[in-house]
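Heads up: the sequence shown is residues 1 to 313, going by UniProt numbering.
Where is the CB? At the ideal position from N, CA and C, for every residue including glycine.
Since the model is a prediction, treat every value here as computed from it, not as a measurement.
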Amino acid sequence: MLDMSQYLQDNPYGFLPVPLVITEPAVGFGGGLFGLFLHGKGTREGENYIPPPMTAFGGGGTQNGTWFVGGGHRHSWNHDHIRYLVMLGYADINLDIYSGDVAGFSQNRSISTRTKGYGGLQKLLFRVGDSPVFVGASQVYAKTDISTDSPLVNRVWQRVLGQQSTSSALGVVAEYDTTNNFFYPKKGLSLQGEYRFYRSMLGGDYQYNQFSLNGKYFIPLSRTLTLAFAGDYQSLTHHDRHLTPMARPYIALRGIASYRYQGDYVSTVQTQLAWEFQPRWILQGFVGIGSAADEAHGLWEQTETAWGRGFAT
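Below is the structure:
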């Protein structure tokens, strides 16, 4: 089978167009296009493929008026002992929010929000010796303008949150990576943990801590079948009384609208079976369950389930 890593090694142009098909329930169907520029062909060390430095630019939109543009660059040095990632973008997002600490929210009734602004992220990781462990730091910055379709709620939000909101954070990161492929892993374990400190001294308007831990485990059943398991945990602590609606963690599962179920503590588990029935064409079936709660002891008292199928290329 010709996987993505082999395709990139054999690509004579150094460019790969990447179409996007968006099926996110929160924003509706849509699409987009990104251009992936390859600075080299990458190398293969044993079973593992080290991708070349790459840069991507593009954008997209959905049927509810949401649109975005952005780009990023990923680079590694010293035989993948140093990894760097930077992403920048601008977005205009129309989203229904069901929970928050500012007037207007109800778990059973949504508020139609519009968030527009720009932001970026960068991450620098160092491999510990020749092990699969990486440690490093991250930085996040975003400046947004948030509004709703309710004039009354708008006035309350502007009084509490201000006309514009700025979020700025520094984080510490640890990763464990034994996967055999950056694009489409078929074997190995990936663990990522990050603790972010959002502070006014970094130029932001809010103070809170955000912790995330996620893992993925890939098991090859045959040359064309791959079974995967994934888990995720997020928490938001030591926070100001009022935060922007999109600051709180949410259940992120395919088939469930983003930001539909939010809480200070969120966790998900899911599994997927992928069948590569043609080179670079993959049929997926998946099922997952998640929970969101305002207190840690309330996690998994109420759950949401999602399942489905899809294609990947």
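Residue j beta carbon less than 8 angstroms from that of residue i
i, j, result
"T148", "K116", "no"
"S76", "I111", "no"
"P53", "G40", "yes"
"Y265", "A296", "yes"
"S131", "V173", "no"
"Y176", "L161", "no"
"G215", "R254", "no"
"G288", "Q302", "no"
"I146", "P245", "yes"
Inter-residue CB distance, residue i and residue j (contact presumed, cutoff 8 angstroms)
i, j, result
"L236", "Y208", "6 angstroms"
"F126", "V135", "6 angstroms"
"Q234", "S212", "5 angstroms"
"Y118", "G71", "In fact, because the Cβ distance is near 12 angstroms, the residues do not count as touching under 8 angstroms."
"I22", "F29", "6 angstroms"
"F182", "P51", "5 angstroms"
Residue range of the unbroken beta strand (DSSP E) whose run includes residue i
i, result
"residue 327", "Since the displayed the chain opens at 1 and closes at 313, residue 327 lies outside it and no answer follows."
"T113", "111–127"
"Y84", "82–97"
"P19", "15–22"
"I251", "Taken as a continuous stretch (DSSP letters only), I251 belongs to no beta strand (DSSP E), as it is neither H nor E."
"E194", "188–198"
"K216", "208–220"
"F68", "67–77"
"L299", "L299 -> no beta strand (DSSP E), and no H or E assigned at all."
"S147", "133–148"
"residue 315", "The shown model of the chain, from 1 to 313, leaves out residue 315, and the question about it has no answer."
"N48", "48–50"
"M54", "54–62"
"I282", "281–293"
"Q270", "265–278"
Backbone CA spacing between residue i and residue j [nearest angstrom]
i, j, result
"F34", "T305", "31 angstroms"
"Y217", "Y206", "35 angstroms"
"N94", "E45", "44 angstroms"
"V27", "N64", "6 angstroms"
"Y184", "R223", "13 angstroms"
"M1", "G31", "Note on M1: pLDDT 40, under 50, position unreliable in the model; the coordinate value appears next. Their backbone Cα atoms lie some 28 angstroms apart in a straight line."
"S200", "Q164", "14 angstroms"
"N78", "G129", "12 angstroms"
"T55", "R74", "7 angstroms"
"A252", "S167", "21 angstroms"
"L85", "W281", "27 angstroms"
"residue 331", "Q284", "Outside the displayed span of the chain (1 to 313) sits residue 331, for which this structure offers no information."
"Y98", "R109", "6 angstroms"
"Y250", "L202", "25 angstroms"
"P19", "F277", "20 angstroms"
"D80", "T178", "12 angstroms"
"Q122", "G204", "17 angstroms"
"F286", "L273", "6 angstroms"
"L38", "V133", "26 angstroms"
Residue range of the unbroken alpha helix (DSSP H) whose run includes residue i
i, result
"Q158", "151–161"
Cβ neighbours of residue i in the same chain (closer than 6 angstroms, five flanking residues each side left out)
i, result
"Q210", "R196, L236"
"L293", "The question names Leu, yet the displayed sequence has Ala at residue 293. Counting only Cβ-Cβ distances below 6 angstroms, and skipping sequence neighbours, we find G263, Y265, L299."
"H239", "Y208"
"L221", "L227"
"W67", "G61, D92"
"G193", "A174, L213"
"G310", "Q284"
CB contact below 8 angstroms: residue i versus chain B
i, result
"T226", "No chain B is part of this structure, which consists of one protein chain only."
Close beta carbons around residue i, own chain, < 8 angstroms, minus the five adjacent residues each side
i, result
"P17", "L33, F34, G35, L36"
heavy atom of the ligand SAH below 7 angstroms from residue i C-beta
i, result
"W157", "The ligand SAH is absent from the structure shown, which contains no ligands of any kind."
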